Each structure stands twice: as C-alpha cells, then as structure tokens.
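S.K.:
In our numbering, the protein residues as written are 1 to 294.
(1) What does DSSP give as the partner residues of residue 40 in its beta bridges?
(2) Taking the alpha helix (DSSP H) that residue 106 falls in, what are its first and last residues?
(3) Assign residue 19 to buried or exposed, taking buried as 16 or more other Cβ atoms, counted over all protein chains shown, within 10 Å of its Cβ.
(4) When you compare the CB positions of residue 273 and residue 252, do they come within less than 8 Å of one another, or not?
(5) Please state if the CB of residue 243 and the CB of residue 235 are separated by a distance shorter than 8 Å.
(6) Leaving out five residues on either side along the sequence, give the residues of the same chain with a beta carbon under 6 Å from the beta carbon of residue 280.
(7) Between the stretch 23 to 30 and the stretch 71 to 89, can you find at least three pairs of beta-carbon atoms closer than 8 Å?
(8) Just reading off the alpha helix (DSSP H) that residue 352 is part of, what are its end residues?
(9) Among 3, 116, 142 and 75, which one has its Cα closest to the Cα of residue 171?
(10) Between the Cα of residue 124 and those of 138, 118, 102 and 114, spot the shortest distance and give me the residue it belongs to.
(11) Within the same chain, show all residues whose beta-carbon is closer than 8 Å to that of residue 271, passing over the 5 residues directly before and after it, in chain order.
(12) Is the beta carbon of residue 127 less than 8 Å from the beta carbon of residue 41?
(13) I believe residue 89 touches residue 150 by the beta-carbon criterion, under 8 Å. Please report the beta-carbon distance rounded to the nearest angstrom.
(14) Can you tell which of 218, 256, 227 and 226 has its C-alpha closest to the C-alpha of residue 248?
(15) Suppose contacts are defined by Cβ-Cβ distances below 8 Å. Is residue 86 in contact with residue 38 by that definition?
(16) So residue 287 packs on residue 158, CB below 8 Å; how close in whole Å?
(17) Less than 8 Å between the CB atoms is what I'm expecting for residue 9 and residue 135, so what's the real figure, rounded?
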C-alpha cells in the first residue's frame with residue numbers, strides 16, 4: 001500500500017453522484033492558499049472494445065495503448081471533469097487512464113511528474129486498493145440505495161460516505177483540513193496516545209523506537225493529528241515528550257499501569273468522545289477509528 005497523506009481521494013457510489021462537484025468545491029476552497037493538483041483516474045479492466053461504464057462509450061479508454069496513459073488537461077473551457085477542476089483553481093490537472101492491473105505503475109509515473117508531496121484532489125474508487133490517502137470519501141446520491149462494484153470493493157476503507165443531491169453535500173467543509181501532515185477530516189473527538197514505558201522484551205522505550213528516522217510516537221501523532229480535534233499524550237514523564245508540541249498528561253499516580261494513564265487522560269480531555277491508542281501501533285487504521293466513534 002502506497003501512503004499518500006497529501007491526497008484527498010473522492011470515490012463515487014454511482015454515476016452522476018456529485019463526485020466532481022465535491023472535487024471542484026474542495027479545490028476552490030484550498031487553491032487560494034495552496035497549489036492543488038487535480039487527478040482523475042479511469043481504471044480499465046481490459047482492452048476488449050467495451051466501455052468501462054457499459055455500452056458503446058466514446059472509445060477514449062479502449063483506445064489505450066500500453067498499460068497506462070497520462071494526459072494533462074490544458075483547456076479550462078471544456079465540459080470535461082478535468083476542465084472543471086482546472087476552472088475551479090487547480091494549478092494542474094491530469095487524467096490517468098490505466099489498466100486495473102497496472103495502477104501502481106501508472107500512479108508511480110504520475111507522481112514522477114508532479115511529486116509525491118503535492119497536494120492532490122483525486123477522483124477514483126479503484127486507486128484506493130493500492131493507495132492509503134490522507135482522506136477517502138465516497139459520494140453517494142442521497143436518493144440511491146446502491147453501490148457500483150468498484151465502490152463496494154473499497155467501501156470499508158472509506159472515511160465517510162458523503163450524501164449529495166448533485167450540488168450540496170452533508171459534509172462540513174470546515175472539517176476538512178490541509179496541514180503539514182497532509183489532508184485531514186476532523187472528528188469531534190480526542191485521540192489519546194499512551195506513551196507507555198520501557199519494554200522488557202525490546203529493552204528500550206517503545207514510544208521512542210525509530211520509524212523513518214523519527215520516534216514512533218511522533219510517527220503516530222503525525223498520522224492522527226489531521227483527523228481529531230485534539231491530540232493528547234499520556235505519560236509518566238511529561239518532559240520526555242514535550243517535543244511533540246501537544247498536551248502531555250502525567251499519570252495522577254505514577255507507575256500504576258495503563259488504566260491510571262487512561263483515567264488521567266480522560267479527566268483532562270474536554271470532549272465526550274475519546275479514542276485511546278497504544279504507542280506501539282505505528283500505522284493507526286483511521287477509517288476503523290472513525291467507525292468506532294460513528
């Protein structure tokens with residue numbers, strides 16, 4: 001799985017659900033302060049002459065030569081989805097047509113052109129099978145009760161199902177954030193990380209074990225920060241974790257184990273909803289955490 005925290009991925013439960021409308025609204029909102037690159041991905045099962053959407057189609061996808069093709073949109077005046085994203089304020093917009101079996105290769109080639117740390121707004125269901133984005137939502141017509149196959153395949157990975165009437169959405173745009181950590185969708189909840197202590201098995205402090213050159217607790221905090229209104233750390237030694245620049249809550253009775261740490265943190269948290277995580281889970285499953293507090 002390719003981690004792309006600076007990608008906001010928008011899937012769709014069906015045709016004309018409002019996916020591009022949401023993409024354009026997001027681009028328009030954030031392009032004022034940041035360069036946003038728009039991406040549309042069309043995954044093709046096989047080159048057999050049939051349109052991926054069914055029926056005769058336009059032939060653009062089935063005329064694909066090779067495993068993938070990347071096209072940059074340069075005309076903002078047209079009616080295509082890519083042109084609409086350009087009009088909304090995207091600095092550049094790309095269309096990736098790709099055999100489903102070669103999504104990784106197609107994405108790698110695209111990232112070579114735009115850079116892995118570019119802020120992206122991407123329309124795709126299928127890409128979620130190979131990418132872990134900062135945020136992944138699926139847009140669904142509020143009057144529909146069905147999901148197309150590509151949406152069903154990634155439904156469990158969605159951070160939110162966004163209902164739409166084609167123009168408006170049941171998603172508060174103010175809860176979407178773009179920070180130094182990537183895209184986030186803030187939950188009205190506090191994430192509590194238990195810093196723990198020395199591991200007898202590892203012979204060192206688990207929270208400080210290195211992950212990509214940083215302490216593991218920093219690696220975890222950076223992933224959680226864009227998704228929760230508040231982040232706090234529970235620790236016996238608060239001074240040890242001041243580098244995190246988040247509230248560090250000391251145990252009200254030191255060295256009494258994790259339950260005292262949890263109790264101390266809950267007393268300090270201003271919110272009714274709290275998620276507690278250990279410091280030795282280097283890749284928190286954010287979609288699962290959202291489902292736990294939904």
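Where is the CB? At the ideal position from N, CA and C, for every residue including glycine. Bear in mind that the values here come from a model prediction, so they are computed numbers and not experimental data.
M.R.: Taking the definition as stated:
(1) 95 and 123
(2) 103 to 114
(3) buried
(4) No Cβ-Cβ contact shorter than 8 Å links residue 273 with residue 252.
(5) No; because the gap between Cβ atoms is not below 8 Å, this pair is not in contact.
(6) Within the same chain, residue 280 has close Cβ partners 206.
(7) yes
(8) Summary: the structure shown does not reach residue 352, with the chain confined to residues 1 through 294, and so no result is reported for it.
(9) Nearest of 3, 116, 142 and 75 to residue 171, Cα basis: 142.
(10) 138
(11) 188, 189, 190, 229 and 230
(12) yes
(13) Not a contact, Cβ separation roughly 28 Å.
(14) 218
(15) Taking 8 Å as the Cβ cut-off, residue 86 and residue 38 qualify as a contacting pair.
(16) Right, the Cβ-Cβ distance comes to about 7 Å (below 8 Å), so this counts as a contact.
(17) 7 Å
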